[in-house]
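Data first, discussion second: the structure below is written as structure tokens.
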Amino acid sequence: MTDRGLELGVFAALLAVLLLLGFYAARWRRPHTPQSLEEWGVGGRAFGNWVTWFLLGGSMYTAYTYIAVPALVYGVGAVGFFAVPFAIITAPMAYVISTRTWSVSHAHGFVTSAEFTRARFGSRSLAALVAVTGIIATLPYIAVQLIALQALLKTLGVDGEWPLLLAVGTASLCTFRAGLRAPALLSIAKDALLLWLLLSVALLVAMSGGWTAAFRGAGVRLDGDASPATGLLLPQGGSLGYLTLVFGSALAVFAYPHALTGILAARDRATVQRNTAALPVYCLALGLLALLGFFAIGQGVRPVGGDLNTVMPQLFHEAFPAWCAGIAYAAVAVAALIPAAVMSIAAANLFTRGVYREYLRPHATAAEEAAVSRWVSLLAKVGALAFIVLLDPRFSVELQLIGGVIVLQTVPAVVLGLWTGWFHRYALISGLLTGLGTGVLLLWRVPQRAADGSVVKAHFGGSNLPLSELGLGGGGAVYVGLLALAVNLVVVVGATVLLRGLRVPGGVDLTRPADYYADAGDGAAGRAEELIDGRSARSPAHAR
Amino acid sequence: MVDRPGPARRGRAWQSLLLVPVLAPLPVGLYNRLEPRLWGMPFFYWYQLADALLAMLVITVVYQATKARRR
Chain P
1 MTDRGLELGV FAALLAVLLL LGFYAARWRR PHTPQSLEEW GVGGRAFGNW VTWFLLGGSM
61 YTAYTYIAVP ALVYGVGAVG FFAVPFAIIT APMAYVISTR TWSVSHAHGF VTSAEFTRAR
121 FGSRSLAALV AVTGIIATLP YIAVQLIALQ ALLKTLGVDG EWPLLLAVGT ASLCTFRAGL
181 RAPALLSIAK DALLLWLLLS VALLVAMSGG WTAAFRGAGV RLDGDASPAT GLLLPQGGSL
241 GYLTLVFGSA LAVFAYPHAL TGILAARDRA TVQRNTAALP VYCLALGLLA LLGFFAIGQG
301 VRPVGGDLNT VMPQLFHEAF PAWCAGIAYA AVAVAALIPA AVMSIAAANL FTRGVYREYL
361 RPHATAAEEA AVSRWVSLLA KVGALAFIVL LDPRFSVELQ LIGGVIVLQT VPAVVLGLWT
421 GWFHRYALIS GLLTGLGTGV LLLWRVPQRA ADGSVVKAHF GGSNLPLSEL GLGGGGAVYV
481 GLLALAVNLV VVVGATVLLR GLRVPGGVDL TRPADYYADA GDGAAGRAEE LIDGRSARSP
541 AHAR
Chain S
1001 MVDRPGPARR GRAWQSLLLV PVLAPLPVGL YNRLEPRLWG MPFFYWYQLA DALLAMLVIT
1061 VVYQATKARR R
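Residue numbers (the numbering used here), protein chains in the order written: chain P, 1 to 544; chain S, 1001 to 1071.
Structure follows, in structure tokens:
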């Protein structure tokens, strides 16, 4: 048996076992009432410390990060490392933000952030807009997961689209049946493989001369080439771009629908809080893999067909024994399928609660909601798959870039709204729309430059806008998402002052201050039914 | 209406500790350097990785401190 054959065999066998496990998930922790969105979409809000930790790790640290971050570090050096501090600072931020989100969602039975904005600002147009923005941002994110899987299969030398279709099709069926339980169970198995991968990586680096040798080799290439943007350290004037990317991406995490899904599945407030303390463990894993980009340079790894996403799979192939490479491939493949599942669930929930129940069937039953979400989740995956099979994959990467910028525009309603109900509903809508427009327009103006400074691609070449494009001096750049968010916020605050001055009626805030501290046991889930029927939430039934 | 103002306010004081790991990546000028190295790793990288350990520590402290007060 050749090395490739063994690699492929181990990979295929492990993947098959894991997908079988996904089917078993339908029986795992089977609820008494399986036919509701609460059960299918957020696992009955019953996950404890461990399952929540694995699920959050599985949905936030995606195969795309495990493949694209080292690839970026391999390509440009220090700038590519931004993903690590960005991931780290989300943990302390989540301790404050996600705990509040969990409480208010628990008190009102929300499954998505769109429902929260509906209740907080009393506007279903705003909720629908938040839902649609979330869905549009999520779909290309699903697509890039599948691209990561495709890059893996490409390195393995598997031709044709059918293996991709088979893997994604099977994973979608698991999700269709078991809902959030499938990715939760798979995450646990995936982390066992990931741990194996990390140990192998640590051993590999130690046996090849350690980090000293890796950084020496990387320094020769990165500091030696003509481009000023690459190197072991950030280039002159590169701090602003780096920092805005770190903080902007961290904020966007709290606006992405799939991040919320894992949080809402937690059993109580303490579970959320304890989890944020343990989540940076994943950052260390991500950091180690990111540094592997430097190691790959030192080892002289060349990407397959110029596609940087194949650098990591190629490194595994060249440096590991075949069976071990097979395990690594399986870990990355499952790490692609899990977030794809959670994202499709999150997008489906947004559609069901933000659009279907608001506009199409206001009196949809719990069973009907679950059924709609199931089919939409399937549709989301098929759509993403069609996207990458039929269109140029580069297109999905561009859309994912745009996705990150546009999802950030829901931050005023979704994140700041947790602390203040002062914003006027129409102001939030105008701010969101302005932010979306600004973001896409600015991204369009970002060129991609080759090492010698020539323009490779005129538009959508990255997410950092050179300050010279804005007519400002200096060689720095700034993350477009944060720039658009600033414009968005100015509009929101200005329009709120104006609308309140003109006495245009704002929406009715159906949340109470105590809701943001609610814990399991106080306040029944399911209050959303009443919000939708238009009855006041301040009814005696909820007075405590 | 139960807003639990007392514990919430004291909890907020503890929570401001969380700003330390969040703001740690801010002084780029300070850590954008090669030396001192740790296990051959330039300072730029291990400083930022160390923030993960700091975050875990701070969150644990804040959690334990506010949990004790809640009871």
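Here a beta-carbon is modelled for each residue, glycine too, at the ideal position from N, C-alpha and C.
Starting from the C-beta of residue i, find all residues in its chain whose C-beta is less than 7 angstroms away, skip the five residues before and the five after it, and write them out in chain order.
{"i": "P/C283", "result": "V84, A87, I88"}
{"i": "P/L428", "result": "F121, L126, P412, A413, V492"}
{"i": "P/I532", "result": "Any answer about P/I532 is weak, because its pLDDT of 46 lies below 50 and its placement is not dependable; what the coordinates show is given next. Hits under 7 angstroms: R357, P362."}
{"i": "P/A182", "result": "G22, A25, C174, T175, A341"}
{"i": "S/A1065", "result": "W1014"}
Between the C-alpha atoms of residue i and residue j, what's the straight-line distance to the nearest angstrom?
{"i": "S/G1011", "j": "P/G417", "result": "20 angstroms"}
{"i": "P/L56", "j": "P/Y64", "result": "15 angstroms"}
{"i": "P/G41", "j": "P/L291", "result": "36 angstroms"}
{"i": "P/H106", "j": "P/L37", "result": "14 angstroms"}
{"i": "S/P1025", "j": "P/L485", "result": "21 angstroms"}
{"i": "P/V355", "j": "P/L180", "result": "21 angstroms"}
{"i": "P/G545", "j": "P/T2", "result": "No information on residue 545 of chain P is available, as it lies outside the stretch 1 to 544 that chain P covers here."}
{"i": "P/N349", "j": "P/F460", "result": "30 angstroms"}
{"i": "P/V455", "j": "P/A495", "result": "39 angstroms"}
{"i": "P/R118", "j": "P/F423", "result": "13 angstroms"}
{"i": "P/G439", "j": "S/V1062", "result": "36 angstroms"}
{"i": "P/W444", "j": "P/Y61", "result": "28 angstroms"}
{"i": "P/G238", "j": "S/L1030", "result": "14 angstroms"}
{"i": "P/K381", "j": "P/Q236", "result": "42 angstroms"}
{"i": "S/P1021", "j": "S/N1032", "result": "17 angstroms"}
{"i": "P/R27", "j": "P/E115", "result": "29 angstroms"}
{"i": "P/G526", "j": "P/F54", "result": "Interpretation of P/G526 is limited by its pLDDT of 44, a score under 50 that renders its predicted location unreliable; the figure taken from the coordinates is listed afterwards. Cα to Cα, P/G526 sits roughly 27 angstroms from P/F54."}
{"i": "P/A386", "j": "P/G521", "result": "44 angstroms"}
Less than 8 angstroms between the C-beta atoms of residue i and residue j, yes or no?
{"i": "P/L552", "j": "S/V1028", "result": "Lying before the first or after the last residue shown, residue 552 of chain P is absent from chain P, which here runs from 1 to 544."}
{"i": "S/L1034", "j": "P/L288", "result": "no"}
{"i": "P/T230", "j": "P/L240", "result": "no"}
{"i": "P/P280", "j": "S/A1055", "result": "yes"}
{"i": "P/L379", "j": "P/V69", "result": "no"}
{"i": "P/G157", "j": "P/R4", "result": "yes"}
{"i": "P/G435", "j": "P/Q409", "result": "yes"}
{"i": "P/D268", "j": "P/D515", "result": "no"}
{"i": "P/F43", "j": "P/A184", "result": "The question names Phe, but residue 43 of chain P is Gly in the sequence shown. Going by C-beta atoms, P/G43 is nearer than 8 angstroms to P/A184."}
{"i": "P/G80", "j": "P/G293", "result": "yes"}
{"i": "P/A278", "j": "P/R45", "result": "no"}
{"i": "P/P339", "j": "P/S98", "result": "no"}
{"i": "P/I345", "j": "P/Y74", "result": "no"}
{"i": "P/V487", "j": "P/G462", "result": "no"}
{"i": "P/P313", "j": "P/T155", "result": "yes"}
{"i": "P/T511", "j": "P/V104", "result": "yes"}
{"i": "P/L15", "j": "P/A167", "result": "yes"}
{"i": "P/A347", "j": "P/L6", "result": "no"}
{"i": "P/A78", "j": "P/L198", "result": "no"}
{"i": "P/S200", "j": "P/F320", "result": "yes"}
{"i": "P/L467", "j": "P/A458", "result": "no"}
{"i": "P/V311", "j": "P/A71", "result": "yes"}
Excluding the 5 residues preceding and the 5 following residue i in the sequence, name in chain order all residues of the same chain whose CB lies nearer than 6 angstroms to its CB.
{"i": "P/Q400", "result": "P140, Y141, V144"}
{"i": "P/S123", "result": "R425, G507"}
{"i": "P/G248", "result": "Y479, G481, L482"}
{"i": "P/L245", "result": "F82, Y479"}
{"i": "P/W196", "result": "I327"}
{"i": "P/V407", "result": "A137, A252, A255, Y256"}
Tell me which residues share the same chain as residue i and place their Cβ nearer than 8 angstroms to its Cβ, disregarding the 5 neighbours each side in the sequence.
{"i": "P/F351", "result": "A131, I135, V372, S373, V376"}
Can you find a heavy atom of the ligand PLP that lies under 7 angstroms from the Cβ of residue i?
{"i": "S/V1028", "result": "This structure lacks the ligand PLP, and indeed carries no ligand of any kind."}
- prompt: When the Cβ atoms of the region 108-115 of chain P are set against those of the region 237-253 of chain P, are three or more pairs found closer than 8 angstroms?
  reply: no
query: In the region 174-192 of chain P, which residues sit with their C-beta less than 9 angstroms from some C-beta in chain S, listed in chain order?
result: Listed by position, the residues of the region 174-192 of chain P near chain S (Cβ gap below 9 angstroms) amount to none.
query: If contact means a Cβ-Cβ distance below 7 angstroms, which residues of the region 197-221 of chain P contact chain S?
result: G210, W211, T212, F215
- prompt: When the Cβ atoms of the region 255-265 of chain P are set against those of the region 168-178 of chain P, are three or more pairs found closer than 8 angstroms?
  reply: No, the region 255-265 of chain P is not in contact with the region 168-178 of chain P.
task: Could you list the residues in the region 247-265 of chain P with a C-beta less than 9 angstroms from some C-beta on chain S, going in chain order?
output: F247, A250
message: Does the structure place the region 296-308 of chain P close enough to the region 91-102 of chain P that three or more beta carbon pairs sit under 8 angstroms?
response: no
task: Assess, as a yes-or-no matter, whether the region 182-197 of chain P is touched by the region 267-280 of chain P under the definition of 3 or more beta carbon pairs within less than 8 angstroms.
output: no
field: Three CB pairs or more closer than 8 angstroms across the region 1036-1044 of chain S and the region 194-212 of chain P
entry: Counting C-beta pairs with one atom in each stretch, the region 1036-1044 of chain S and the region 194-212 of chain P have three or more that are closer than 8 angstroms, which means they touch.
task: Please list the residues of the region 1035-1050 of chain S that have a C-beta atom closer than 7 angstroms to any C-beta atom in chain P, keeping them in chain order.
output: W1039, G1040, M1041, P1042, F1044, Y1045, Q1048, L1049
- request: Determine contact between the region 315-334 of chain P and the region 145-158 of chain P, defined as no fewer than three beta-carbon pairs at a distance below 8 angstroms.
  value: yes
message: Can you pull out the residues from the region 271-285 of chain P whose beta carbon lies closer than 8 angstroms to at least one beta carbon of chain S?
response: Q273, R274, T276, A277, A278, P280, V281, C283, L284
message: Along the region 54-88 of chain P, where does the CB come closer than 7 angstroms to a CB of chain S? Name the residues.
response: A78, F81, V84, P85, I88
- request: Could you name the residues of the region 86-109 of chain P whose beta carbon sits closer than 7 angstroms to any beta carbon of chain S, in the order they occur along the chain?
  value: For the region 86-109 of chain P, which is checked against every Cβ of chain S, the residues closer than 7 angstroms are I88, I89, A91, P92, M93, Y95, V96.
message: For the region 475-488 of chain P, list every residue whose C-beta sits within 8 angstroms of some C-beta in chain S, in sequence order.
response: none
task: Taking a Cβ distance cut-off of 7 angstroms, strictly less, list which residues of the region 230-245 of chain P are near chain S, in chain order.
output: L232, L233, L234, S239, Y242, L243
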